[in-house]
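Below is one structure, written out as structure tokens, with a few remarks after it.
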């Protein structure tokens, strides 16, 4: 079974530029998560999708971050414009369901550096 | 207030010895779950072990066991017979069911474990 795929693995941009990350979850997984992990901290949930609907985006900085999951499969996370403090690893995860015990399966992450 | 507290920024252990990584949590829910994930330098989060709040037995998965003390709200990870490949960051996380009916994970800040030969 293929795992969660993310691209790119690394990205370096200058502040005020735009960037987009892509995630393809494990086939059949209804729930998709985007996390931000700043160096030295644990992952922080940015947004959670159930199929193609958003169920939690309370910690997403909506003035600059946006995410979509068209057709309930793969997802993109966009930052526009980027700030220095957005430098972090962006992790995508998926699980079969979100309403009961299910471990989340994580992708390798995208390491973003904003200069 | 932090929901997940990992008080050990770093831990050192010699190969083949056991090590305990601490985790305390804060919730008023009756139903919740506790996870431990390993994050090697490659960056991927690897699921290790899960403990449900109603599970009476401590969870075990191979060399990993979870010392669950519900009254103290602690869920410490015990790694027996440490191996060099165990060197990584370890994160404790808590699953809570939100009002929407969906669950979410909250992570601690992590503990860096270094295993020496």
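Residue numbers (our numbering), protein chains in the order written: chain W, -7 to 107; chain L, 814 to 930.
We put the beta carbon where it would ideally sit given N, CA and C, even for glycine.
- The continuous beta strand (DSSP E) containing residue 103 of chain W extends over residues 102 to 106.
- Cβ contact annotation for residue 72 of chain W (same chain, cutoff 7 Å, sequence separation greater than five): 10, 56, in chain order.
- For residue 864 of chain L, the enclosing beta strand (DSSP E) stretches over residues 859 to 865.
- Put simply, the CB of residue 898 of chain L is far from chain W, with every gap to its CB atoms at 8 Å or more.
- For a Cβ distance threshold of 7 Å, residue set 33, 34 of chain W lies close to residue 922 of chain L, ordered along the chain.
- If you compare the alpha carbons of L:923, L:829, L:859, L:898 with that of residue 835 of chain L, the shortest gap goes to L:923.
- Looking from the CA of residue 84 of chain W, the closest CA among W:8, W:54, W:29, W:74 belongs to W:29.
- In terms of Cβ geometry, residue 872 of chain L and residue 862 of chain L form a close pair [threshold 8 Å].
- A distance below 6 Å between beta-carbons, with the five flanking residues on each side excluded, links residue 6 of chain W to the following residues of its chain, in chain order: 107.
- At a beta-carbon threshold of 8 Å, the residues of chain L lying near residue 95 of chain W are 848, 860, 863, ordered along the chain.
- The shortest CA-to-CA distance from residue 927 of chain L to any of L:845, L:851, L:869, L:875 is the one to L:851.
- Residue 47 of chain W and residue 915 of chain L have their alpha carbons spaced roughly 7 Å apart.
- For residue 845 of chain L, no beta strand (DSSP E) segment is defined, and its DSSP state is neither H nor E.
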